[in-house]
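Take the sequence shown: its letter number 51 is residue 51 in the UniProt record's numbering, and every next letter is one higher. Glycine included, each C-beta is placed from N, C-alpha and C at the ideal position. These notes are about the structure you will find just below.
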Amino acid sequence: MITLTDCSRRFQDKKKVVKAVRDVSLTIEKGEVVGILGENGAGKTTMLRMIASLLEPSQGVITVDGFDTVKQPAEVKKKNRCLIRRRNRALRQDDR
1 MITLTDCSRR
11 FQDKKKVVKA
21 VRDVSLTIEK
31 GEVVGILGEN
41 GAGKTTMLRM
51 IASLLEPSQG
61 VITVDGFDTV
71 KQPAEVKKKN
81 RCLIRRRNRA
91 LRQDDR
């Protein structure tokens, strides 16, 4: 199970802070199929990168199978990234 609780991700632009993902809460059960839709720049890729432990949320908590992804050691994060990639498929926006 993957759970996001009040997750946000901010990036510093040249002149301002850009909030790429804002206060997302979501639970994905094992075996559940989920589509993430949105316009360009809506934060879809940022959210997936946070789930895969490639980015840390600026606020909030992400758990994979009950474990907080931010607090895990680097080797566990790497293992989880491999599992997430193997169990999930992503389609590019051009793939229709």
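Just list the residues that DSSP pairs Leu26 with in beta bridges.
Leu4
3 or more residues per run - each beta strand (DSSP E) lying fully within the stretch 25 to 55
none
Where does Glu76 sit, in a helix, a strand or coil, going by DSSP?
Position check: residue 76 holds Val in this sequence, whereas Glu was assumed. Residue state, collapsed to three classes: helix.
With DSSP collapsed to three states, give me the class of Gly60.
strand
Is Asp68 helix, strand or coil when you go by DSSP?
strand
If we ignore side chains and look at the alpha-carbon of each, how far apart do Val18 and Ser58 end up?
12 angstroms
Determine whether the beta carbon atoms of Ile2 and Ile36 lie at a separation below 8 angstroms.
no
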